[in-house]
Amino acid sequence: MVDQIKNNLNSLGSAGSNKVSSDTKKSSSQIKGVDHSHAKQKFDSSEVSKFVTKEKIKDMAKEPPIDQAATSRIKNAIANGSYPIDLDKIADALFDAYKEMKD
Numbered sequence: 021m022v023d024q025i026k027n028n029l030n031s032l033g034s035a036g037s038n039k040v041s042s043d044t045k046k047s048s049s050q051i052k053g054v055d056h057s058h059a060k061q062k063f064d065s066s067e068v069s070k071f072v073t074k075e076k077i078k079d080m081a082k083e084p085p086i087d088q089a090a091t092s093r094i095k096n097a098i099a100n101g102s103y104p105i106d107l108d109k110i111a112d113a114l115f116d117a118y119k120e121m122k123d
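Per the working numbering: the sequence shown = residues 21 to 123.
Below, the structure written as structure tokens:
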């Protein structure tokens with residue numbers, strides 16, 4: 021793969037230098053023609069308040085519900101080396117995540 025990139029760069033460097041500069045000019049002229057009207061829209065805070073109430077914001081600001089007893093039990097089991105680890109399940113999950121990233 022690296023050799024392919026080097027070959028492509030070498031072929032561009034010798035024969036395609038004029039093409040690259042003309043392509044650059046074309047792309048810069050295309051950028052000038054882009055409509056920026058959507059980017060200039062102002063943020064309206066009243067639009068957000070329609071969807072999110074103040075009570076909801078307060079609820080979200082609270083700490084998430086954490087079962088302290090279960091957390092302590094798991095921490096102690098890990099520290100003692102008695103926490104059951106299913107290596108096959110972990111390997112399957114990692115492989116599934118890898119396949120998902122690959123697609």
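Glycine included, C-beta positions come from ideal geometry on N, C-alpha and C.
Residue i - DSSP class collapsed to helix/strand/coil
i           : result
residue 103 : coil
residue 108 : helix
residue 37  : Because the pLDDT at residue 37 is just 47, under 50, the model does not fix this residue reliably, and the point stays unresolved.
residue 86  : coil
residue 91  : helix
residue 123 : coil
Inter-residue CB distance, residue i and residue j (contact presumed, cutoff 8 Å)
i           : j           : result
residue 111 : residue 103 : Not quite, the Cβ-Cβ distance comes to about 17 Å (not below 8 Å), so this is no contact.
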